[in-house]
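Engineer:
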Amino acid sequence: MSQQTAIPEDQQQNKQREKRRQVVADLAPLLPKECLLHTDEALAPYECDGLSLYQSTPLAIALPYTVEQAQQVVRYCHQRQIPIVPRGAGTGLSGGALPHEEGILLSLARLNAILNIDPQARTCRVQPGVRNLAISEAVRPFGLYYAPDPSSQIACSIGGNIAENAGGVHCLKYGLTVHNVLEVTILNAEGELVTLGSEALDSAGYDLLALIIGSEGLLGIVVEIVVKLLPTPQQAKVLLAAFHTVEEAGDAVGQIIAAGIIPGGIEMMDKLSIEATENFVHAGYPLDAAAILLCELDGIDTEINETTGRVNEVLLKAGAYQIRVSENDQQRELFWAGRKAAFPAVGRISPDYYCMDGTIPRKQLASVLNQISERAAHHQLRVANVFHAGDGNLHPLILFDANQPDDLDRAHQLGNDILELCIAAGGTITGEHGVGIEKLGGMCSQFNDLELTQYHAIKAAFDEHGILNPGKAVPTLHRCAEFGHMHVHNGELPFPDLPRF
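Laid out in structure tokens, this is it:
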């Protein structure tokens, strides 16, 4: 029986350089010189997204100025069967924009124009590189805004929001990205332009728009979007409630919803995240609290005044020992500034941290938070909890030091434990960060082999040869077998005739 001989590393590097030279030579006529990056120095900043634990270097990077240039790149990749990974602002936290070593990274950052604002229809047509916050800034003179507001909205792009179906602090009342996008135009795997949805309230046929939103670049590359705008509320107030225990704060969330009140947003922070944020932003958070809730109410003046009183009563009954109501917009924005700066604030108290993203039923908040604390103690790591309490979207921040032996491994193990807790509680492994490459094992835990096979069938229908962002979001059946989550019958996987991407 012959043994396979490993290819020496220097030969592999030479082979990679030759591939790069060929790809660059082929793409050079399609793009302006400054739109094609291929030197080691130019490629280095793109080797990962916001999840820096995983890094890879592509053959080349294309940064087109126009949709037509992007279309040429996709057509070339289709003809040569070269993997292509779309990238927005690079703020993603699941490795969804991790480059493929044998492929091209297509950056859409330069497609950043706001194409049209229609105040009467309350819509805005934009390119994918437009920053989330820039939309609200552009339509503010018309008394309108774009509701989804992830914490990274000052930097993240709307194209990336669509890829991951981003939410934000106000998703409880106004929904995720999928509820606020009317139409998208995509480049499919063959480089053809396809429009899904419409500016009307509904469109005929299958809801392919909802399928594309959250598909992480596996089914198509978004190049134009029509978003829905909302009128700016007449008034908004934030109630900051402090609790002596995490359990009381978690239970208070369910009691507010049970009272028939739907706030604009309900956010929760535990003691460690409160301390880190207050020392960074000075938002006025009580440092003696075990947990705080930020509950925003918005609407017309009479409604807000009445609802504020009702929420205040619910919070007091739930155990809040201190409640503060924002006195003006400046204070309200300061309360939110603390929450939105929680991630960088935690970065000041730990050399490294690992941001998780899972979703659980609201009634399980207290139970799951206690179990996270127990698991953290078992792995001898600290966890700062910051999350969208209204829809049960957890963002535990696992603090560690990569320079310490085994710290990174223990952080990974704790992260996996947290995802398993979310599944066991009846939730999911992601709320808005996506699966990327980070949660492939979690996908194997949450879905069975037949369900994953259906995902692959959908992928094959859109991308027959699997060139769009391969290796992300949906694990191969063989990979799940490696994870130990897949039942393999008689040495064979189910539906062996389907492509393995």
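Per the numbering used here, the sequence shown runs over residues 113 to 613.
Glycine is no exception: its CB is placed at the ideal position from the N, C-alpha and C atoms.
Under the three-state reduction of DSSP, which class applies to N417: helix, strand or coil?
Structural biologist: In this structure, N417 counts as helix in the three-state DSSP scheme.
Engineer: Give the C-beta separation of L288 and N277 to the nearest angstrom, bearing in mind that I take them to be a contact with Cβ-Cβ under 8 Å.
Structural biologist: The Cβ separation is near 5 Å, so the contact holds.
Engineer: Between which residues of its own chain and Y286 is the CB-CB distance below 8 Å, once the five residues before and five after are set aside?
Structural biologist: A259, P260, N292, L342, G376, listed in sequence order.
Engineer: Tell me the residue span of the beta strand (DSSP E) that contains E408.
Structural biologist: First-last of the beta strand (DSSP E) with E408: 403 to 411.
Engineer: Please determine, among F254, R252, A246, G255, the residue with the shortest C-alpha to C-alpha distance to S264.
Structural biologist: Nearest C-alpha to S264: A246.
Engineer: Secondary structure at Q181, three-state DSSP: helix, strand or coil?
Structural biologist: Helix, per DSSP.
Engineer: From this set, A172, D152, N424, Q476, which residue's C-alpha is nearest D363's C-alpha?
Structural biologist: Looking at the Cα atoms, Q476 is the closest of the given residues.
Engineer: Give me the DSSP bridge partner(s) of R237.
Structural biologist: R237 is bridged to N228, V338.
Engineer: Can you tell me which of the three DSSP states C467 falls into?
Structural biologist: It is a strand residue.
Engineer: Considering Cα atoms alone, identify which of L589, Q134, L331, T414 is closest to Q347.
Structural biologist: For Q347, the nearest C-alpha among the options comes from T414.
Engineer: Taking Cβ positions only, does M381 come closer than 7 Å to chain B?
Structural biologist: Here chain B cannot be found, since the structure has a single protein chain.
Engineer: If you count every other CB in all the chains shown that lies within 10 Å of the CB of P608, and 16 or more means buried, which is it?
Structural biologist: Annotation note: pLDDT 40 at P608 (below 50); position unreliable, no value reported.
Engineer: How is the beta strand (DSSP E) around D197 delimited, first residue to last?
Structural biologist: Per the sequence presented here, residue 197 reads as Val, with Asp not at that position. Start and end: 196 to 199.
Engineer: Following the continuous alpha helix (DSSP H) through L547, name the residue where it begins and the one where it ends.
Structural biologist: Correcting the residue type first, residue 547 is Val in the shown sequence and not Leu. Careful: V547 lies outside any alpha helix (DSSP H) and carries neither H nor E.
Engineer: Please list, in chain order, all residues of the same chain as L223 whose beta carbon is under 6 Å from its beta carbon, the five residues on each side excluded.
Structural biologist: Answer for L223: Q239, P240, G241, listed in chain order.
Engineer: Who does N515 pair with in a DSSP beta bridge?
Structural biologist: According to DSSP, N515 bridges with nothing at all.
Engineer: The alpha helix (DSSP H) spanning K127 covers which residue range?
Structural biologist: From DSSP, the alpha helix (DSSP H) with K127 extends over 121 to 139.
Engineer: Quick check on the DSSP output: the beta strand (DSSP E) that includes L351 runs from which residue to which?
Structural biologist: Residues 347 to 355.
Engineer: Tell me which residue opens and which closes the alpha helix (DSSP H) that I247 is part of.
Structural biologist: 244 to 251 is the extent of the alpha helix (DSSP H) around I247.
Engineer: Is it true that the segment 416 to 429 meets the segment 325 to 332, where meeting means three or more beta-carbon pairs spaced less than 8 Å apart?
Structural biologist: No, the segment 416 to 429 is not in contact with the segment 325 to 332.
Engineer: Using three-state DSSP, classify L493 as helix, strand or coil.
Structural biologist: Coil.
Engineer: Between N482 and H500, what straight-line distance do the alpha-carbon atoms span, to the nearest angstrom?
Structural biologist: Near 17 Å, if we compare the C-alpha coordinates of H500 and N482.
Engineer: Taking only the alpha-carbon atoms, compute the straight-line gap between T471 and V498 and give it to the nearest angstrom.
Structural biologist: So the two alpha carbons sit approximately 13 Å from each other.
Engineer: Assuming contact is defined by CB atoms lying nearer than 7 Å, are I274 and I226 in contact in what I supplied?
Structural biologist: No. Outside cutoff.
Engineer: For the alpha helix (DSSP H) containing S219, list its first residue and its last residue.
Structural biologist: Unbroken run through S219 is the beta strand (DSSP E), 216 to 219; no alpha helix (DSSP H).
Engineer: What does DSSP give as the partner residue(s) for G431 in the beta ladder?
Structural biologist: In DSSP, G431 forms no bridge with anything.
Engineer: Using three-state DSSP, classify R460 as helix, strand or coil.
Structural biologist: Correct three-state label for R460: coil.
Engineer: According to the Cβ coordinates, are P195 and I579 closer than 7 Å?
Structural biologist: For P195 and I579, yes; Cβs fall inside 7 Å.
Engineer: Decide if the segment 398 to 413 is in contact with the segment 453 to 462; the criterion is three or more beta carbon pairs, one per stretch, under 8 Å apart.
Structural biologist: Result no; under three Cβ-Cβ pairs closer than 8 Å.
Engineer: Could you name the residues of the same chain whose beta carbon sits closer than 6 Å to that of L142, not counting the 5 residues immediately before and after it, in chain order?
Structural biologist: Answer for L142: Q184, listed in chain order.
Engineer: Have a look at C189 and A449 and give me their C-alpha separation to the nearest angstrom.
Structural biologist: If I take the Cα positions, the gap works out to 43 Å.
Engineer: Could you pull the start and end residues of the alpha helix (DSSP H) that D261 belongs to?
Structural biologist: Taken as a continuous stretch (DSSP letters only), D261 belongs to no alpha helix (DSSP H), as it is neither H nor E.
Engineer: Going by the C-beta, is S479 closer than 6 Å to any heavy atom of the ligand ADP?
Structural biologist: Absence of the ligand ADP from the depicted structure is noted, as is the absence of any ligand whatsoever, leaving it without description.
Engineer: Judging by CA-CA distance, which residue of P463, R522, H524, L531 is the nearest neighbour of D513?
Structural biologist: It is P463.
Engineer: Please classify I274: does DSSP put it in a helix, a strand, or coil?
Structural biologist: Three-state DSSP puts I274 in a helix.
Engineer: Going straight from the alpha carbon of E121 to that of P211, what length do you get?
Structural biologist: Roughly 20 Å between the two C-alpha positions.
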